[in-house]
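Okay, structure first, notes after.
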Amino acid sequence: MYEILAVKELAPKIKWFEVYAPHIAKKAKPGQFIILIINERGERIPLTIAGYDREKGIVSFAFNEVGKTTKQLGLLKEGDRIWNIAGPLGNPSEIRKFGKVLCVAAGVMIAPMLLQIKALREAGNEITAVIGARRRDLLFFVEDIKALSHRFYVATDDGSEGHKGLGFLKEIVAKEKFDRCIVMGPVPTLQAVSEITRPYGIPTIVSLMPLMVDGMGMCGVCRVLVGGKMKFACVDGPEFDGHLVDYEELIRRQRMFIVEERLSALLWEMGGLKYG
Amino acid sequence: MAEITPKGSREKIKKKAVPIPKQPPEVRIKNFNEVALGYTEEQAREEAERCLQCKEPQCIKGCPVGIDIPAFIKCIREGNFEEGIRKIKEKNSLPAICGRVCPQEDQCQKYCVLGKVGDPVSIGRLERFLADWERARGFNIPEKAPSTGRRVAVIGSGPSGLTLAADLAKLGHEVVVFELLHLPGGVLTYGIPEFRLPKEIVKAEVGYIQKLGVEFRFGYVIGRTFTIHELLTDEGFDAVFIGTGAGPPMFMGIPGETLCGVYSANEFLIRVNLMKSYLFPGWDTPIKVGDKVAVIGAGNVAMDAARCALRLGAKEVHIVYRRSRSEMPAREEEIMNAEEEGVIFDVLTLPVAYYGDEKGWVRKMECIRMQLTEPDESGRRRPVPIPNSNFIADIDTVIVAIGRRPNPLIQQTTPGLKVNDDGTIVVDENMRTSIEGVYAGGDIVTGEATVISAMGAGRKAAKSIHEYLLKRGKNKSS
Ligand SMILES: Cc1cc2nc3c(=O)[nH]c(=O)nc-3n(C[C@H](O)[C@H](O)[C@H](O)COP(=O)(O)OP(=O)(O)OC[C@H]3O[C@@H](n4cnc5c(N)ncnc54)[C@H](O)[C@@H]3O)c2cc1C
Ligand SMILES: Cc1cc2nc3c(=O)[nH]c(=O)nc-3n(C[C@H](O)[C@H](O)[C@H](O)COP(=O)(O)OP(=O)(O)OC[C@H]3O[C@@H](n4cnc5c(N)ncnc54)[C@H](O)[C@@H]3O)c2cc1C
Ligand code: SF4
Ligand code: SF4
Ligand code: FES
Numbered sequence: 114m115y116e117i118l119a120v121k122e123l124a125p126k127i128k129w130f131e132v133y134a135p136h137i138a139k140k141a142k143p144g145q146f147i148i149l150i151i152n153e154r155g156e157r158i159p160l161t162i163a164g165y166d167r168e169k170g171i172v173s174f175a176f177n178e179v180g181k182t183t184k185q186l187g188l189l190k191e192g193d194r195i196w197n198i199a200g201p202l203g204n205p206s207e208i209r210k211f212g213k214v215l216c217v218a219a220g221v222m223i224a225p226m227l228l229q230i231k232a233l234r235e236a237g238n239e240i241t242a243v244i245g246a247r248r249r250d251l252l253f254f255v256e257d258i259k260a261l262s263h264r265f266y267v268a269t270d271d272g273s274e275g276h277k278g279l280g281f282l283k284e285i286v287a288k289e290k291f292d293r294c295i296v297m298g299p300v301p302t303l304q305a306v307s308e309i310t311r312p313y314g315i316p317t318i319v320s321l322m323p324l325m326v327d328g329m330g331m332c333g334v335c336r337v338l339v340g341g342k343m344k345f346a347c348v349d350g351p352e353f354d355g356h357l358v359d360y361e362e363l364i365r366r367q368r369m370f371i372v373e374e375r376l377s378a379l380l381w382e383m384g385g386l387k388y389g
Numbered sequence: 009m010a011e012i013t014p015k016g017s018r019e020k021i022k023k024k025a026v027p028i029p030k031q032p033p034e035v036r037i038k039n040f041n042e043v044a045l046g047y048t049e050e051q052a053r054e055e056a057e058r059c060l061q062c063k064e065p066q067c068i069k070g071c072p073v074g075i076d077i078p079a080f081i082k083c084i085r086e087g088n089f090e091e092g093i094r095k096i097k098e099k100n101s102l103p104a105i106c107g108r109v110c111p112q113e114d115q116c117q118k119y120c121v122l123g124k125v126g127d128p129v130s131i132g133r134l135e136r137f138l139a140d141w142e143r144a145r146g147f148n149i150p151e152k153a154p155s156t157g158r159r160v161a162v163i164g165s166g167p168s169g170l171t172l173a174a175d176l177a178k179l180g181h182e183v184v185v186f187e188l189l190h191l192p193g194g195v196l197t198y199g200i201p202e203f204r205l206p207k208e209i210v211k212a213e214v215g216y217i218q219k220l221g222v223e224f225r226f227g228y229v230i231g232r233t234f235t236i237h238e239l240l241t242d243e244g245f246d247a248v249f250i251g252t253g254a255g256p257p258m259f260m261g262i263p264g265e266t267l268c269g270v271y272s273a274n275e276f277l278i279r280v281n282l283m284k285s286y287l288f289p290g291w292d293t294p295i296k297v298g299d300k301v302a303v304i305g306a307g308n309v310a311m312d313a314a315r316c317a318l319r320l321g322a323k324e325v326h327i328v329y330r331r332s333r334s335e336m337p338a339r340e341e342e343i344m345n346a347e348e349e350g351v352i353f354d355v356l357t358l359p360v361a362y363y364g365d366e367k368g369w370v371r372k373m374e375c376i377r378m379q380l381t382e383p384d385e386s387g388r389r390r391p392v393p394i395p396n397s398n399f400i401a402d403i404d405t406v407i408v409a410i411g412r413r414p415n416p417l418i419q420q421t422t423p424g425l426k427v428n429d430d431g432t433i434v435v436d437e438n439m440r441t442s443i444e445g446v447y448a449g450g451d452i453v454t455g456e457a458t459v460i461s462a463m464g465a466g467r468k469a470a471k472s473i474h475e476y477l478l479k480r481g482k483n484k485s486s
């Protein structure tokens, strides 16, 4: 059992949890994730590590309340406990001095991006940060990320804050000579940014979020095609070369259980099934 | 051994084993309950009567842990079940599990002399009978040796790790088991289906091991949460056992294997067994099975996957296998169970591609027919494709069950650990790895094998670790 020490609402339906898990906190690195399961009947869900305090034994993550499990998680309060957390999983991000780094994060993934930016900055990189969301009220960590970056941009899908869409990036990428680009967010964001950097040959690292079960290479549900080769995102990734990922395949596989996922959330919301 | 020669006593021998009651096929494919129901006391005693109590029992030779088989069978005859189970537990700490899943026909029962004239004694079923009898009454917790103050870390809670943990705890060592999943048991929990091995039994056996004082920590990924080196230094363990088993599923590398509806057998079985997706939406993890399922491969894992698919409502389940029926690696009993339940066997058939619809769901499978060549020097008949025999079949679910590789994480994160080319860990005859104080056993050493051989390895490693710890203890105090 893992105790929740703090809960914050970062934006509507986006929550930040700090949990007590000293053995994970001790080893966690940017780019890695955990898999949690709320109770015996629950689903194992992966969430990217968004912070850690090795001394206090705290691991933090942020999540979007999209389906049954994340909605149920969102009801938990300080002092509540999560049945099991496995981690840290996946390969840590490569953090070293690259030079000029472009960091693009959308939605809930702005949270783990802040951790990346801190580490990249500490390693002596010059940071250009772009954070995006569907609407202005879904943005968060604006000041924190701004303070750590040399250049900072905001984009929203509806233009309610900053740039409308990511199109403006084309110009910036054409002008600046970036040595590396890091993207975290939903697949359309990963794909769009990879297309923008591709003509300039900027090494572009995307963090993938396929379906997972064990998170340890045993089931193969997380397989993705990268450069035509089958990779298991949980053990070979979750970060890959954004120019080589087959995004169409990834999207299709992410939607594999969409009907069941909706059913599960619906039944739970209606309270028709009294469980978990 | 004159008195047991089958010829002399043919009249007296009952050639047929007492059949084990089973759920009828048409009923059992609608549920996940256990298929074989187990002997009643009368049936067990009747079957036990068949044993000839050989002076030089051949059966024991076939048991990887050397259970004194005639001795426990004699106890059943005499109705002394308590003594019977004690005899088994001298050698085997998980009898309820072995009695159910041991491939007995290749082990103990293969050597039983009665096999020459009729059915061998149903040793596994008798073992199961005693184990179930004991579980129903509640376990006796054996006496433990006084604490030695030595600590052992066990990586993986499969049969090898569980056996080793129980043995070392009884010897007075402090044992901590690290398991990456949220439940213990390894393949016993996430792989073998409920209808062959009810999870309540695994739970009870693990409960017994916990009562011996063994501590389990779930969600600990050794190689990431701690390395082996850290276990031996920062975490203060005196010895480590690696029992991480097999994991990564193999794929054939043919087009269409990333389509939706194509599962590895491991994913399919993990969803069904570990996550109980057959109870979805009461349990949260979904699974989707179409009308027409193709299971690729013909080992035990393939049979398990095929039988699960039937129970999840598939109308037609095919086993697609490139060799012929007689080369199938699965246990005969499991092939028969699958057949009885209506699984269709497409032998001498090899898939070469899968095709999907516009949404990316698998819809068709292209196969090629195979023929077997004349036996080569090794005596094996190799399957080769028949030219221009390709055909296309409609299917909407594929389960790939062509084998699994050893879990690689420990090997990758432990400098100095000797590893074979196939990824298995190198050990000597005492289960010692190339690093002092580090031992390994089970599938991670042998490649995919059996529950009982993993237990045998755990038992051997426990003995070896115990000796190492005693020696070390002396060195430390002197
Ligand atoms: C390595 C990895 C790291 C991850 N890190 C994070 C993280 O840090 N934070 C986080 O919130 N999530 C993260 N995820 C995703 C997270 O695991 C899933 O959101 C979670 O499993 C959802 O579980 P659920 O039961 O709540 O929803 P599910 O039952 O799985 O249902 C998801 C629902 O969301 C809907 N949905 C799916 N995709 C989208 C989309 N793009 N836009 C709108 N709706 C959609 C679907 O309709 C579906 O109903 C990560 C995933 C991976 C693999
Ligand atoms: C579907 C299926 C059916 C089978 N049926 C039979 C049968 O009927 N009869 C039979 O005799 N055999 C059967 N087998 C084979 C048998 O189950 C295995 O040989 C046996 O379980 C091996 O035991 P083990 O202790 O080596 O490891 P496993 O049972 O594989 O357990 C290894 C454990 O280690 C954990 N682990 C791995 N890496 C790490 C890590 N880095 N950190 C922490 N934990 C880790 C895993 O999660 C797992 O729980 C079957 C196998 C499968 C897959
Ligand atoms: S453990 Fe397995 S091989 Fe040994 S006697 Fe029991 S069933 Fe037979
Ligand atoms: S089980 Fe078979 S081989 Fe063993 S003692 Fe009995 S009759 Fe003899
Ligand atoms: S999540 Fe199972 S292999 Fe990656």
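So the protein lines, in turn, are chains A and B.
If you count the first sequence from 1, you need to add 113 to reach our numbering.
If you count the second sequence from 1, you need to add 8 to reach our numbering.
The C-beta atom is built at its ideal place from N, Cα and C for all residues, glycine as well.
Of all C-beta pairs linking the region 269–280 of chain A to the region 312–330 of chain A, fewer than three are shorter than 8 Å, placing the two stretches out of contact.
Taken atom to atom, the span from the alpha-carbon of A242 (chain A) to that of L215 (chain A) is near 6 Å. Scanning chain B for C-beta atoms nearer than 8 Å to the C-beta of S377 (chain A) yields F288, P289, D292, P294, reported in chain order. Annotation: the continuous alpha helix (DSSP H) that includes E340 (chain B) extends over 340–348. When rounded, the separation of the alpha-carbon atoms in I452 (chain B) and F265 (chain A) is 50 Å. L170 (chain B) is positioned such that its CB atom lies closer than 7 Å to that of I217 (chain B). Boundaries of the alpha helix (DSSP H) around H237 (chain B): 236–240. Nearest in C-alpha terms to S173 (chain A), of all of A:P159, A:V179, A:K181, is A:P159. Chain A places a beta carbon closer than 7 Å to that of I278 (chain B), counting this residue as a contact. Per DSSP, E131 (chain A) is one residue of the beta strand (DSSP E) stretching across 127–133. Taking C-beta separations shorter than 8 Å and ignoring five residues to either side along the sequence, the partners of F353 (chain A) in its chain run I318, V319, L321, V337, V339, K344, A346, following chain order. In this structure, K142 (chain A) and P225 (chain A) do not form a Cβ contact; the two beta carbons are roughly 11 Å apart against a cut-off of 8 Å. Those residues placing their Cβ nearer than 7 Å to any heavy atom of ligand 5 are, following chain order, A:M325, A:V326, A:D327, A:G328, A:M329, A:G330, A:M331, A:C332, A:G333, A:V334, A:C335, A:F345, A:A346, A:C347, A:V348, B:E275. Excluding five sequence positions before and after K210 (chain A), the CB atoms of its chain that fall closer than 7 Å to its own CB belong to A236, G237, N238, given in chain order. Taking the C-beta atoms as reference points, G466 (chain B) is found no nearer than 7 Å to I443 (chain B).
DSSP places E374 (chain B) within a strand segment (E or B) once states are collapsed to three. T422 (chain B) is positioned such that its CB atom lies closer than 7 Å to that of I236 (chain B).
Taking 6 Å as the cut-off, one finds at least one heavy atom of ligand 2 near enough to the beta carbon of I200 (chain B). About 6 Å separates the CB atoms of E275 (chain B) and G333 (chain A); that is less than 8 Å, so the two are in contact. Here the C-alpha atom of L379 (chain A) lies approximately 19 Å from the C-alpha atom of R157 (chain A).
At least one heavy atom of ligand 3 falls within 6 Å of the beta-carbon of C71 (chain B). When Cβ pairs closer than 8 Å are counted between the two stretches, the region 363–371 of chain B is seen not to touch the region 333–352 of chain B, the count staying below three.
At a cut-off of 7 Å between beta carbons, L324 (chain A) makes no contact with chain B. When distances are taken from the beta-carbon of C120 (chain B) to the heavy atoms of ligand 3, even the shortest one reaches 6 Å or more. Apart from the 5 residues on each side of it in sequence, F80 (chain B) sits with its Cβ closer than 7 Å to the Cβ of G92, K95, I96, L138 in its chain, given in chain order.
A distance of 7 Å or more separates the beta carbons of V392 (chain B) and T357 (chain B). Distances from the alpha-carbon of D299 (chain B) to those of B:A314, B:A56, B:E324 put B:E324 closest.
Runs of beta strand (DSSP E) with 3 or more residues, each lying fully within the region 231–301 of chain A, are found at 239–246, 264–269, 293–297, listed in chain order. Assignment of G164 (chain A) by DSSP, reduced to helix, strand and coil, places it in the strand class. Counting only the Cα atoms, K23 (chain B) lies some 27 Å from V73 (chain B). The way I'd put it, the region 251–264 of chain B doesn't touch the region 175–192 of chain A; fewer than three beta-carbon pairs between them come closer than 8 Å. Between the alpha carbons of A153 (chain B) and N197 (chain A) lies a gap of roughly 32 Å. Interface flag for N281 (chain B) against chain A is unset, since no Cβ pair is found closer than 7 Å.
Residues I151, G155, E156, I158 of the same chain have their beta carbon placed closer than 7 Å to that of T182 (chain A), with the five preceding and five following residues left out of the count.
With fewer than 16 other beta carbons inside 10 angstroms of its own, M383 (chain A) counts as exposed. Note that the C-beta distance between G126 (chain B) and G251 (chain B) is not below 7 Å.
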